[in-house]
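Chains as they are written, first to last, in the numbering used here: chain A, 2 to 116; chain B, -15 to 96. The C-beta atom is built at its ideal place from N, Cα and C for all residues, glycine as well. Predicted, not measured: the structure shown is a model, and the values here were computed from it.
This is how it looks when you write it as structure tokens:
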């Protein structure tokens, strides 16, 4: 079956522009997670959704970052006024349910480069 | 808070060598433990998991045992192949909505 799909796979943007990253989770998965992967920082948790609600957004680095999820499915991560330090691979994952025993399934990520 | 510490890489081995990648964790309660693998140019894939003390997770010849007394979850494989070259991430999931806390990753390079 289809896995987690992220788009675009690559995005180059100028400093100061806004970007939107999209995630399509596995059908039927209620939980959705966003992570950021960068050199020297490893894998950082950003936010997770249970349905359309975000019980934990503690990892969002600043108020320039926001995310939403609609219809319990697709999620978008928006970065406003991008900065060079936002350059990273943004990973989305979904799981069947929220809970420590439900493994996360990751997409291939969106590589964001801010010039 | 919860955290995961992995041995630093890169680890370079010859084909058919024995592999150990150390992983220790700090957590409250009873976390689940995972190993994920990222092959070059690909996304993260679940390799194996263990959900309670003394459980052994295994997959593709890799094994890891959940050791509560030493708070460890070391990854082992008896005979590595060139195709095992990848970055390996140890992770835990506690009582925080199922989110994973990752170690820094260990790069493995297997030479023929």
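Whether residue i touches residue j by CB criterion (9 Å)
| i | j | result |
| --- | --- | --- |
| residue 5 of chain A | residue 82 of chain B | no |
| residue 43 of chain A | residue 88 of chain B | yes |
| residue 14 of chain B | residue 36 of chain B | yes |
| residue 16 of chain A | residue 113 of chain A | no |
| residue 4 of chain B | residue 84 of chain B | no |
Assigned exposure category for residue i - 16 Cβ within 10 Å defines buried
| i | result |
| --- | --- |
| residue 3 of chain A | exposed |
| residue 82 of chain A | exposed |
| residue 40 of chain A | exposed |
| residue 115 of chain A | buried |
| residue 72 of chain A | exposed |
| residue 26 of chain A | buried |
Chain-order list of residues whose beta-carbon lies under 8 Å from that of residue i (same chain, five-residue window excluded)
| i | result |
| --- | --- |
| residue 54 of chain B | 8 |
| residue -5 of chain B | 3, 5, 90, 91, 92 and 93 |
Supposed close pair residue i, residue j - CB separation, criterion 8 Å
| i | j | result |
| --- | --- | --- |
| residue 23 of chain A | residue 75 of chain A | 7 Å |
| residue 30 of chain A | residue 96 of chain A | 6 Å |
| residue 66 of chain B | residue 24 of chain B | No, residue 66 of chain B and residue 24 of chain B are not in contact; Cβ-Cβ is about 12 Å, not under 8 Å. |
| residue 10 of chain A | residue 77 of chain A | Not really, about 16 Å apart at Cβ, beyond 8 Å. |
Option in the options with minimal Cα separation from residue i
| i | options | result |
| --- | --- | --- |
| residue 43 of chain B | B:32, B:63, B:16 and B:75 | B:32 |
| residue 20 of chain B | A:104, A:54 and A:53 | A:104 |
| residue 75 of chain B | B:63, B:57 and B:49 | B:57 |
| residue 62 of chain B | B:70, B:51, B:46 and B:52 | B:46 |
| residue 62 of chain A | A:92, A:19 and A:37 | A:37 |
Chain-order list of residues whose beta-carbon lies under 6 Å from that of residue i (same chain, five-residue window excluded)
| i | result |
| --- | --- |
| residue 41 of chain B | 32, 33, 34 and 48 |
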